[in-house]
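S.K.: Chains as they are written, first to last, in UniProt numbering: chain E, 1 to 158; chain L, 1 to 158. Backbone N, C-alpha and C define an ideal beta-carbon position, used for all residues, glycine too. Please read these numbers as outputs of a predicted model, since none were measured by experiment. Encoded as structure tokens, here's the structure I'll be asking about.
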DNA sequence: TCTGAAAGTTTTCATCC
DNA sequence: GGATGAAAACTTTCAGA
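Below you can see the structure in the form of structure tokens.
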């Protein structure tokens, strides 16, 4: 969990891994100019430090025809510490919550739900938001087209 | 690209792969009750059909201290087909755009930006939205805490 | 479509630079 | 830190059911 200083090779590798984590160590090494074992040592550092948390398969939502994505914009009544904890825990536990951000600005939370059918969507939104007395109001924006659904973050300014 | 019918084992495997794509075929096979080669054949089907688009390394934004996430809510002036195409292309080309959804409801687009520092954030938002005469208005919600940042979708109702 | 074994690669590790 | 090469593990293929 240490602070981990990154050199150019690290930035390069992290960029490549965020695009495609299925490449071999040799393949990555050839692109950045390192041996497979040197690449492995670096990748291990990312993992043990917590920077690289896990690797996942990304499904194309367009191929899962019944899947409904929706963005919920949530406003909290009064953000007491206890309620905040409970609300956040509920967001973390629900498998339908794909992303959840605590934000500043016109709303307090942005929550992306991935459900199977609009009925299911409604059910979950009710459970998470409507039944919570500390949720002042929430709006649902149904996703018509998921143009882009990545999770890559920059590790330095481009 | 065919429609691909999924049985219980497929749903199970896709669920596991979306959580952790670094598990071995043997490991996955033991959990679902198949041999490694049987698992491989199924995973290949997901890939060739386009359902499984790629696998990526997920970085923890909390470990990239300068990274700023922001949710932009965008309202379009008048959605002419030509402008829509241009606007969407810009969203697809900018590396700072992590996610972009076309939505129905109070806004037209929801765009998540991942940038390095607030200055960079502002710069990108200006370029993508402020300079576009067809963008009526946009609001930026800065992410205070990325509670959850996955990309898993359900392949069937839980 | 599955299993199980053989063949081909990749990952891992010890060692030296 | 990095390179190399050998051992271990994994992936991939294929024959047989």
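At 3 residues or longer, and completely inside the UniProt domain "HTH asnC-type" (6-86) of chain L: list those beta strand (DSSP E) runs for me, N to C.
M.R.: With a minimum length of 3 residues, the continuous beta strand (DSSP E) runs that stay inside the UniProt domain "HTH asnC-type" (6-86) of chain L are 52-59, 67-76.
S.K.: Taking the alpha carbon of residue 124 of chain L as the reference point, which residue from L/14, L/70, L/51 has its own alpha carbon closest?
M.R.: The residue labelled residue 124 of chain L in the question sits at position 124 within the second chain. Measuring from the Cα of residue 124 of chain L, the nearest candidate turns out to be L/70.
S.K.: Specify whether the stretch 46-64 of chain E and the stretch 120-138 of chain E touch according to this definition: at least 3 beta carbon pairs, one from each stretch, less than 8 Å apart.
M.R.: As far as the Cβ criterion goes, the stretch 46-64 of chain E does not touch the stretch 120-138 of chain E, which means the pair count is below three.
S.K.: What does residue 99 of chain L touch in chain E if you count any residue whose Cβ is under 7 Å from its own?
M.R.: On the second chain, residue 99 of chain L is found 99 positions in, with the first residue counted as 1. Chain E residues near residue 99 of chain L: 148, 149, 150.
S.K.: In whole angstroms, what separates the C-alpha of residue 45 of chain L from that of residue 83 of chain L?
M.R.: For the purposes of this step, residue 45 of chain L is identified with residue 45 of the second chain, where counting begins at 1. For the purposes of this step, residue 83 of chain L is identified with residue 83 of the second chain, where counting begins at 1. Roughly 37 Å separates the two Cα atoms.
S.K.: Taking only the alpha-carbon atoms, compute the straight-line gap between residue 30 of chain L and residue 105 of chain L and give it to the nearest angstrom.
M.R.: Here residue 30 of chain L refers to the residue found at position 30 of the second chain. Here residue 105 of chain L refers to the residue found at position 105 of the second chain. Distance between the alpha carbons of residue 30 of chain L and residue 105 of chain L is about 45 Å.
S.K.: State the DSSP-derived secondary structure class of residue 125 of chain L, mapped to helix, strand or coil.
M.R.: The count along the second chain starts at 1 and reaches residue 125 of chain L at position 125. In the structure shown, residue 125 of chain L sits in a helix (DSSP, three-state: H, G or I).
S.K.: Taking the beta strand (DSSP E) that residue 102 of chain L belongs to, which residues open and close that run?
M.R.: If you number the second chain from 1, residue 102 of chain L lands on position 102. Taken as a continuous stretch (DSSP letters only), the beta strand (DSSP E) holding residue 102 of chain L covers 97-104.
S.K.: Taking the beta carbon of residue 102 of chain E as the centre, do at least 16 other beta carbons fall within 10 Å, making it buried, or is it exposed?
M.R.: The residue you call residue 102 of chain E lines up with position 102 of the first chain. Buried.
S.K.: Against residue 18 of chain E, what residues of chain L qualify as contacts under a CB-to-CB distance less than 7 Å, listed in chain order?
M.R.: Mapped onto the first chain, residue 18 of chain E falls at position 18. Neighbours of residue 18 of chain E on chain L, chain order: 56, 57, 59.
S.K.: Can the beta-carbon of residue 110 of chain E be found less than 9 Å from the beta-carbon of residue 68 of chain E?
M.R.: Translated into the one-based positions of the first chain, residue 110 of chain E becomes position 110. Translated into the one-based positions of the first chain, residue 68 of chain E becomes position 68. Contact flag unset, no.
S.K.: In the structure shown, what three-state DSSP assignment does residue 4 of chain E receive?
M.R.: In the first chain, counting from the first residue as 1, residue 4 of chain E sits at position 4. Residue state, collapsed to three classes: coil.
S.K.: Enumerate in chain order the residues of its own chain whose CB-to-CB distance from residue 96 of chain L is below 7 Å, with the five nearest sequence positions on each side excluded.
M.R.: Locating residue 96 of chain L in the second chain gives position 96, where the first residue counts as 1. Correct list, in chain order: 113, 114, 115, 124.
S.K.: Taking the alpha-carbon of residue 129 of chain L as reference, which of L/33, L/76, L/59, L/117 has the nearest alpha-carbon?
M.R.: Here residue 129 of chain L corresponds to residue number 129 of the second chain, with the count starting at 1. Looking at the Cα atoms, L/76 is the closest of the given residues.
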